[in-house]
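Chains A and B supply the protein sequences, listed in that same order. Numbering-wise (the numbering used here), the first sequence opens with residue 2 and increments by one. Numbering-wise (the numbering used here), the second sequence opens with residue 62 and increments by one. Using N, Cα and C, we set each Cβ at its ideal position, and we do this for glycine too. Taking it in order: structure first as structure tokens, then the write-up.
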Amino acid sequence: MVGEIWDLIILSPMINVLIVVSGFLFNNFGLAIIVLTLIVRGITMPLNLKQIRSTKALQELQPKMAELHKKFGKDRQKLAQEQMRLYRESGVNPAGCLLPMLVQLPIWIALFQSIIRVLAVIPEDFLKLSGHLYTSWSQVFSLVPLNSQFLWLDLAMPDGIYLLPILVGGTMWLQQKMVTPRTGDPRQQAQSQMMLWVMPLMFAFLTMQFPSGLALYWVISNVISIGMQYFITGGWGGLTSEAATKPAGRDKKYITRITRVEEKASDYRETEADIGADVGADIAATEVSPKGGAGPARFQPSLRAIKRHPKKSKRPKRR
Amino acid sequence: MKKKIIGKGLLLAVLLMVLVTGLALPTCQPAQAIPRGWSGVAIADGALFLGSMEGKLVALDSATQQRLWDDVPFTQKQSSSLGCQQGTLAVAIYGTPAVTAELVYITGYNGKLYAINRQTGASRWVYPREEVLDPIVGGVVVAEGKLYFGSSDGVLYALDAATGDKLWTFASGGKIWGTPAVNGATVYIGSFDKKLYALNVADGGLKWQFETEGAIVSTPLVYDGTVYFGSFDRYLYALNETDGQLRWKYQGDNWFWARPLVDDGIIYAASVDGKVYALTADKGDTVAVFDLESPVSASPVSVAGNVIMVVEAGRVYSLDAGTRQKKMLAELGEPVYASLAASDGVIYIHSADDVLHAVNAQTGAELWSFELESE
Chain A
2 MVGEIWDLII LSPMINVLIV VSGFLFNNFG LAIIVLTLIV RGITMPLNLK
52 QIRSTKALQE LQPKMAELHK KFGKDRQKLA QEQMRLYRES GVNPAGCLLP
102 MLVQLPIWIA LFQSIIRVLA VIPEDFLKLS GHLYTSWSQV FSLVPLNSQF
152 LWLDLAMPDG IYLLPILVGG TMWLQQKMVT PRTGDPRQQA QSQMMLWVMP
202 LMFAFLTMQF PSGLALYWVI SNVISIGMQY FITGGWGGLT SEAATKPAGR
252 DKKYITRITR VEEKASDYRE TEADIGADVG ADIAATEVSP KGGAGPARFQ
302 PSLRAIKRHP KKSKRPKRR
Chain B
62 MKKKIIGKGL LLAVLLMVLV TGLALPTCQP AQAIPRGWSG VAIADGALFL
112 GSMEGKLVAL DSATQQRLWD DVPFTQKQSS SLGCQQGTLA VAIYGTPAVT
162 AELVYITGYN GKLYAINRQT GASRWVYPRE EVLDPIVGGV VVAEGKLYFG
212 SSDGVLYALD AATGDKLWTF ASGGKIWGTP AVNGATVYIG SFDKKLYALN
262 VADGGLKWQF ETEGAIVSTP LVYDGTVYFG SFDRYLYALN ETDGQLRWKY
312 QGDNWFWARP LVDDGIIYAA SVDGKVYALT ADKGDTVAVF DLESPVSASP
362 VSVAGNVIMV VEAGRVYSLD AGTRQKKMLA ELGEPVYASL AASDGVIYIH
412 SADDVLHAVN AQTGAELWSF ELESE
């Protein structure tokens, strides 16, 4: 039952579209995969935009996170509460970065199944292809099996010269690096470093195992992500040594929320003064560390943004 | 709460990694479907020969179901990479073996053709000796001291049946997955390049070729001066044997994969659309269309005036175009892709669970079944 629904909704449409697109593109299956990637990324564009903006907002919260760590580092429960409050108030979801990848997982599986069927990799799978072809699309019958050669690749097989694993790993690293937040928190730093290296290495390894048609999808998809990241955030993000990002890159949706949060910094200071902690030293520590990272540098443009949007920077009522 | 969210995120990431790597790692080989094979049965003097899904040539006495000799295993080297140790894999066997007085010939998906001593099971020769061809899916045909088979490299090979020496080759423009057909001085073969070729058996010279709109896997049938074969363009073609001119064509709803069969002047062409088209051999007029409700890729047999078909769902049918009746003979409960064979009123069916079934062609009673997997 689940298999039938999968075939009906995802696999069969993908197979037929890939075949027809190949037909239009000089029977070139590699180009068809690239077009498919563009279509999929076009459809998931809103999700990706949300993710990029959310990630950027997350980065801009880093100074605040560092502050909270300094203040509530010993009281983990309180720290968690305050961090959660910060996320909630700024509208940021720290797990949101993985969602676009998870959404694409069915696409990867369907593309893998499509490749082994339309390229006649083994007879069992090729025979199953007949059940997926739309009988009303007569051209699909004359186009299969598709040609598996694309550039130096046999799209049905892993890349024999290991260039594709490097491309997949490299583009994924670049993309990951662009979104890696600069933080003074060593724990988060370690986590970011792990994500920065683990995912590219894992996908580079997978590229050596899976048909290169699937890896071609990953490469193109990563390049699109890098492009989107560049244009939406207005820079190379974590790739540049200069931590500052253009204020214009900020998404309007988050401006108000983050501004509010930033305004609350003073609230924290007040609270801190009330409880007798050395808030001034904390603020100084976060705002001055020139090599300590993006924290203070991101903080400053945010403050400038408040000045440019006086109406949106209304101080929220204190609870 | 934050911990929970980050925890969920990490959990999702781990699940993603496990899921994706899980597809690739356990087998220590590229994440691709593994070919298993669907060899049909060759019958000679009461002996049955077929390739098992463990990559072995099995020889059985049909009367006693005893092995004539120990199974002959065929293996291939597994490529090593990324710390995976090099090992051996069983060879998938798709083609039905061919039998002569002395030898049994069998093709492997590893790109080898094996000649085995029919009496002892000892290896006589292998082609090619050192290197390998591209995967061989079709079977081998022997005629007049020559044998013919095609490979995924698009080449039809003609060898000396006794020595395995290469006599000639013919290169088509696409993969060859079908089994050739020989009639007199001509060998016919279809290719993924959408063409059917008629070649001279003496030297492989091209007599004529006919281009369709789809790939050709179906083994041609030569009957009464006409060559019948199906294509992936959903047409069954009837060509003039001498010059390849089109006599008629008939459109089905999906690919024609199985070899057509003729019985009493009627062509039975099974399609993967689940239908069997019964057409007059001379003009292609429809006599009957049998809907078997499951794809048919296994080539049929004719037993005592009844056409026997097996569908992928494992049901065995007896068809009679004269009365337009179909009768379900047996239900094996397992998928079947392998070509059928029949002798002395018994049908032999190799199902996808690697079991050989012997079914009475009249009553459909299962006479015996034999598990080919070694214990």
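Exercise. Which of helix, strand or coil does DSSP assign to B/V201?
Worked result: Here the question's residue 201 of chain B lines up with position 140 in the second sequence. Reduced to three states, the DSSP call for B/V201 is coil.
Exercise. DSSP on A/Q63, reduced to helix/strand/coil?
Worked result: Mapped onto the first sequence, residue 63 of chain A falls at position 62. Helix, per DSSP.
Problem set entry | Contact with chain B by A/S143, beta-carbon distance below 7 Å | Locating residue 143 of chain A in the first sequence gives position 142, counting from the first residue. Yes, its Cβ sits closer than 7 Å to a Cβ of chain B.
Exercise. Applying a beta-carbon distance threshold of less than 9 Å, which residues of chain B neighbour A/G132?
Worked result: As a working mapping, residue 132 of chain A is identified with position 131 in the first sequence. Near A/G132 (Cβ distances below 9 Å), the residues of chain B are N315, V333, P356.
Exercise. CA-CA distance, B/P321 and B/V288?
Worked result: Counted from its first residue, the second sequence places residue 321 of chain B at position 260. Counted from its first residue, the second sequence places residue 288 of chain B at position 227. Cα to Cα, B/P321 sits roughly 10 Å from B/V288.
Problem set entry | Opening and closing residue of the beta strand (DSSP E) in which A/G43 lies | The residue labelled residue 43 of chain A in the question sits at position 42 within the first sequence. No beta strand (DSSP E) contains A/G43, which is instead part of the alpha helix (DSSP H) from 30 to 44.
Exercise. Where does the unbroken beta strand (DSSP E) through B/E392 begin, and where does it stop?
Worked result: As a position in the second sequence, residue 392 of chain B is number 331, starting the count at 1. Run containing B/E392: 386 to 392, per the beta strand (DSSP E) assignment.
Exercise. Using the rule of at least 16 other Cβ atoms within 10 Å of the residue's Cβ for burial, across every protein chain shown, is B/Y338 buried or exposed?
Worked result: Translated into positions along the second sequence, residue 338 of chain B becomes position 277. Classification of B/Y338: buried, given that the 10 Å Cβ count is 16 or more.
Exercise. In angstroms, rounded to a whole number, what distance separates the CA positions of B/P134 and B/W186?
Worked result: Taking the second sequence and counting its residues from 1, one reaches residue 134 of chain B at position 73. Taking the second sequence and counting its residues from 1, one reaches residue 186 of chain B at position 125. Cα-Cα distance, rounded: 14 Å.
For this session: Express the C-alpha separation of A/P64 and A/V289 in angstroms, rounding to a whole number.
Result: Here residue 289 of chain A refers to the residue found at position 288 of the first sequence. Here residue 64 of chain A refers to the residue found at position 63 of the first sequence. Residue confidence is low: A/V289 scores 35 on pLDDT, short of 50, so the model does not pin down where it sits. Its coordinate-derived value is still stated next. Taking the straight line joining both Cα atoms gives about 11 Å.
Problem set entry | Exposure of B/A419, with buried meaning 16 or more beta-carbon neighbours within 10 Å | To locate residue 419 of chain B, count along the second sequence from 1; it is residue 358. By the 16-neighbour rule on beta-carbons within 10 angstroms, B/A419 is buried.
Exercise. Along chain A, in chain order, which residues have C-beta atoms closer than 7 Å to that of B/G275?
Worked result: By 1-based counting over the second sequence, the position of residue 275 of chain B is 214. Near B/G275 (Cβ distances below 7 Å), the residues of chain A are F142, S143.
Exercise. By Cβ distance, which residues of its chain are closer than 7 Å to B/K344, with the 5 residues on each side in sequence left out?
Worked result: Here residue 344 of chain B is taken as the residue at index 283 of the second sequence, counted from 1. Excluding positions up to five away in sequence, the list reads W309.
For this session: Pick helix, strand or coil for B/R97, following the three-state DSSP scheme.
Result: Looking up residue 97 of chain B in the second sequence gives position 36. DSSP places B/R97 in coil when its eight states are reduced to three.
Problem set entry | Minimum C-alpha distance to B/N315 - residue among B/V323, B/G425, B/Y296 | The sequence position of residue 315 of chain B within the second sequence is 254, counting from 1. It is B/Y296.
Exercise. Would A/S137 be called buried (16 or more neighbouring beta carbons within 10 Å of its own) or exposed?
Worked result: Taking the first sequence and counting its residues from 1, one reaches residue 137 of chain A at position 136. When all chains shown are included, A/S137 counts as exposed.
Problem set entry | is_contact[B/Y155, chain A] using C-beta, thresh 7 Å | Here residue 155 of chain B corresponds to residue number 94 of the second sequence, with the count starting at 1. Yes, contact with chain A.
For this session: Check the Cβ of B/K236 against every Cβ in chain A and list those closer than 9 Å, keeping chain order.
Result: Translated into positions along the second sequence, residue 236 of chain B becomes position 175. Under the 9 Å cutoff, chain A gives A121, P146.
Exercise. Which partner residues of A/Y218 appear in the DSSP bridge assignment?
Worked result: Numbered from 1 along the first sequence, position 217 holds the residue referred to as residue 218 of chain A. Partner(s): none; A/Y218 has no beta bridge.
Problem set entry | Assigned secondary structure, A/G4 (DSSP; H/G/I helix, E/B strand, else coil) | Taking the first sequence and counting its residues from 1, the one referred to as residue 4 of chain A is at position 3. DSSP places A/G4 in helix when its eight states are reduced to three.
For this session: Taking the CB atoms as reference points, tell me whether B/D294 and A/S143 lie closer together than 7 Å.
Result: Taking the second sequence and counting its residues from 1, the one referred to as residue 294 of chain B is at position 233. Taking the first sequence and counting its residues from 1, the one referred to as residue 143 of chain A is at position 142. Yes, the pair counts as a contact, with Cβ atoms nearer than the cut-off.
Problem set entry | Pair within 7 Å by beta-carbon distance, B/L208 and B/V201 | Mapped onto the second sequence, residue 208 of chain B falls at position 147. Mapped onto the second sequence, residue 201 of chain B falls at position 140. Cβ distance < 7 Å, so B/L208 and B/V201 count as in contact.
Problem set entry | Beta-carbon contacts of B/E432 that lie in its chain and below 6 Å, excluding the five residues immediately before and after | Position 371 of the second sequence holds residue 432 of chain B. Once the five neighbours on either side are set aside, the close Cβ partners of B/E432 are V416.
Problem set entry | Cross-chain neighbours of A/D126 in chain B, by beta carbon under 7 Å | Here residue 126 of chain A is taken as the residue at index 125 of the first sequence, counted from 1. Under the 7 Å cutoff, chain B gives A94.
For this session: Output the distance between the C-alpha atoms of B/V348 and A/N28, rounded to the nearest integer angstrom.
Result: Along the second sequence, read from residue 1 onward, the residue named residue 348 of chain B stands at position 287. Along the first sequence, read from residue 1 onward, the residue named residue 28 of chain A stands at position 27. Approximately 38 Å between the Cα atoms of the pair.
For this session: Kindly indicate which three-state DSSP category A/L80 falls into: helix, strand or coil?
Result: Mapped onto the first sequence, residue 80 of chain A falls at position 79. It is helical.
For this session: Check whether the Cβ of B/V202 lies closer than 7 Å to any Cβ atom in chain A.
Result: Numbered from 1 along the second sequence, position 141 holds the residue referred to as residue 202 of chain B. No, B/V202 does not count as interfacial toward chain A.
For this session: Under 6 Å Cβ to Cβ from B/G235, same chain only, skipping five residues before and after it: list those, please.
Result: Residue numbering aside, residue 235 of chain B sits at position 174 when the second sequence is read from its first letter. Taken in chain order, the residues that qualify are G215, S252, F253, D254.
Problem set entry | Residues of its chain near A/K315, where Cβ-Cβ distance is below 6 Å and the 5 sequence neighbours each way are ignored | Along the first sequence, read from residue 1 onward, the residue named residue 315 of chain A stands at position 314. For A/K315, the predicted model reports a pLDDT of 41, less than 50, meaning its position is unreliable; a value from the coordinates is still stated below. Correct list: empty, nothing qualifies.
For this session: Name the two residues that bound the continuous beta strand (DSSP E) containing B/F351.
Result: Position 290 of the second sequence, counted from the start, is the residue given in the question as residue 351 of chain B. Per DSSP, B/F351 belongs to the beta strand (DSSP E) from 347 to 352.
Exercise. Is B/M62 close to chain A, meaning its C-beta is less than 7 Å from at least one C-beta of that chain?
Worked result: In the second sequence, the residue the question calls residue 62 of chain B occupies position 1. Note on B/M62: pLDDT 47, under 50, position unreliable in the model; no value is reported.
For this session: Under the assumption that B/A342 contacts B/V323 (Cβ atoms under 8 Å), give the Cβ distance between them as a whole number of angstroms.
Result: Translated into positions along the second sequence, residue 342 of chain B becomes position 281. Translated into positions along the second sequence, residue 323 of chain B becomes position 262. Their Cβ separation, rounded to whole angstroms, is 6 Å, which keeps B/A342 and B/V323 in contact under 8 Å.
Exercise. Exposed or buried, B/G169, counting other C-beta atoms within 10 Å across all chains shown (16 or more means buried)?
Worked result: As a first step, residue 169 of chain B must be located in the second sequence, where it is residue number 108. Buried, by the Cβ-count rule.
Exercise. Expressed to the nearest angstrom, what Euclidean distance is found between the alpha-carbon atoms of A/Q114 and A/L12?
Worked result: By one-based count along the first sequence, residue 114 of chain A stands at place 113. By one-based count along the first sequence, residue 12 of chain A stands at place 11. Going from the Cα of A/Q114 to the Cα of A/L12 covers about 8 Å.
Exercise. Would B/V397 count as contacting chain A if we go by Cβ distances under 7 Å?
Worked result: By 1-based counting over the second sequence, the position of residue 397 of chain B is 336. Chain A, which has no Cβ nearer than 7 Å to the Cβ of B/V397, makes this no.
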